[in-house]
Amino acid sequence: MELFFTYICCEKDYFSIDSLQNGVYYINIITTNRSKGGMEVRSNLISARGEKSQQNVAQDIGISQKTLSALERGYRNPSIDLMKKIQNYYQISMITLFEDIFACQYYNMLYK
8 MELFFTYICC EKDYFSIDSL QNGVYYINII TTNRSKGGME VRSNLISARG EKSQQNVAQD
68 IGISQKTLSA LERGYRNPSI DLMKKIQNYY QISMITLFED IFACQYYNML YK
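Residue numbers (the working numbering): 8 to 119.
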């Protein structure tokens, strides 16, 4: 089966295709609508950081400690690129980490 899939992404959208076994593919699209960061995001980021210092995590991710602090306090919303860096660092889905910051429409399609 051939799949022709067209989606016009705006600057704030995230798109990925994940290959699974036996020729099965997941197509993930996240469209974002900015909203204020909530207490859930604050809790998620602080919990994910655990015992590590903000300075160490920020350095590992490649951002300033001030930026990480602003994210954890809900004063700043991350770009999609920064969300991906944080997701990869903590090994936690960006949907899980940043659910309150973005009102996401998440499309997950399975194709064989």
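Note that CB positions come from ideal geometry on N, CA and C, so glycine has one too.
Following the DSSP letters along the chain, one finds Lys91 inside the alpha helix (DSSP H) bounded by residues Ile87 to Tyr97. The beta carbon of Val64 is closer than 8 angstroms to those of Arg56, Leu75 and Tyr96 in its chain, skipping five residues each way along the sequence.
Lys59 sits in coil when the DSSP states are folded into three classes, being neither helix nor strand.
Per the coordinates, the alpha-carbon of Arg83 lies some 12 angstroms from the alpha-carbon of Leu89. Secondary structure note for Glu79: its alpha helix (DSSP H) is the uninterrupted segment Gln72 to Arg80.
Closest in C-alpha terms to Gln66, from the list Ile102, Leu104, Ile93 and Ile87, comes Ile93. Residue environment analysis places Glu58 among the exposed positions, since fewer than 16 neighbouring C-beta atoms fall within 10 angstroms of its C-beta.
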